[in-house]
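Engineer: If you count by our numbering, then the sequence shown holds residues 973 to 1173, one letter each, in order.
Quick reminder that beta carbons are idealized off the backbone N, C-alpha and C, glycines included.
Here it is, the structure, as structure tokens.
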Amino acid sequence: MLLDAAVLTIIVGFIGGGRLGRLKNLDLRAPAVFIAAAAVQIGILVLGASGVSAVALLGGPVHILTYLLLLVGLWLNRHLWGVRIAALGVFLNFLVIAANGGSMPVDRALAERAGNTRVVALLDSPSYTHHEAITPQTRLRQLGDVVPLPMLVPRPRFFSPGSVGDVFITVGACWLIFSGMGAFGIGRPRSTAARAREKAG
């Protein structure tokens, strides 16, 4: 959902006179924090999916730590409205992941209907800790991947299981891109002449 929504946001941003080059003017602080957290998450996901046994022991705690790192980065960037919205989503995902030992609970039936055969197969792998199937023992299951989120490009369906937190993350990230591009004048700094006219008025 996030990738699809980001692409759509960029297209609409271009229509609204926005430019990708303006994103470099975003006052984004400590970007290395986000890069590090994403890199570690991808690492434990790939290693777990590859059957590396050590991930069964360390994957959950490391996953939780990456979310704590993300929350620190988001706090440092709370001056950006898009980040504030995304932070709520990250926090909700953190709550459900931490409550379930470092794994995001997934509605197995929903994943099967969405055609996510790879994820469904990995749910039974002891080394794959990034996700786990929802069971009667799952905590905060309402915050897990139980929402059929729309996908612009079918893979192979037009939806994929996601969480309420994912919705907030997507909205926040897209707002950050949209305002950063200066689409429709949103987030675009006013000229000196415009500020002078306001003062004169």
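Express the C-alpha separation of Val1062 and Ala1166 in angstroms, rounding to a whole number.
Structural biologist: Summary for Ala1166: the model assigns pLDDT 38, below 50, so the residue's position carries little reliability, and this model does not support an answer.
Engineer: I need the boundaries of the beta strand (DSSP E) containing Leu1121, first residue and last residue.
Structural biologist: 1119-1122
Engineer: Quick check: the Cα distance between Asp976 and Met1123, rounded to an integer number of angstroms?
Structural biologist: 6 Å
Engineer: So, is Val1091 buried or exposed, given that buried needs 16 or more other C-beta atoms within 10 angstroms?
Structural biologist: buried
Engineer: Between the alpha carbons of Ala1004 and Leu998, how many angstroms are there, rounded?
Structural biologist: 15 Å
Engineer: What did DSSP end up calling Ala1083 once you bin it into helix, strand or coil?
Structural biologist: helix
Engineer: Please name the residue or residues paired with Ala1105 in a DSSP beta bridge.
Structural biologist: Val1078
Engineer: Taking 8 Å as the cut-off, does the segment 1108-1117 touch the segment 1021-1031 (at least 3 CB pairs, one atom from each stretch)?
Structural biologist: Too few Cβ pairs lie closer than 8 Å, so no.
Engineer: Using a Cβ-Cβ cut-off of 7 Å (strictly less than) and excluding sequence neighbours within five positions of Leu1082, which residues of its own chain qualify?
Structural biologist: Val1118, Pro1120, Pro1133
Engineer: With Gly1074 and Thr1101 assumed to form a contact (beta carbons below 8 Å), what rounded beta-carbon distance in angstroms separates them?
Structural biologist: That belief holds up - the Cβ atoms of Gly1074 and Thr1101 are roughly 6 Å apart, short of 8 Å.
Engineer: For Thr1089, count the other beta carbons within 10 Å of its own beta carbon; 16 or more makes it buried, fewer makes it exposed. Which is it?
Structural biologist: exposed
Engineer: Secondary structure at Ser1099, three-state DSSP: helix, strand or coil?
Structural biologist: The answer is coil: DSSP assigns Ser1099 none of H, G, I, E or B.
Engineer: Which residue comes first and which comes last in the beta strand (DSSP E) that contains Ser1132?
Structural biologist: 1131-1134
Engineer: Determine the direct distance from the alpha carbon of Phe1006 to that of Gln1013, and round the result to whole angstroms.
Structural biologist: 11 Å
Engineer: Let's test the definition: count the other Cβ atoms within 10 Å of the Cβ of Gly1023 and tell me whether it reaches 16, buried, or not, exposed.
Structural biologist: exposed
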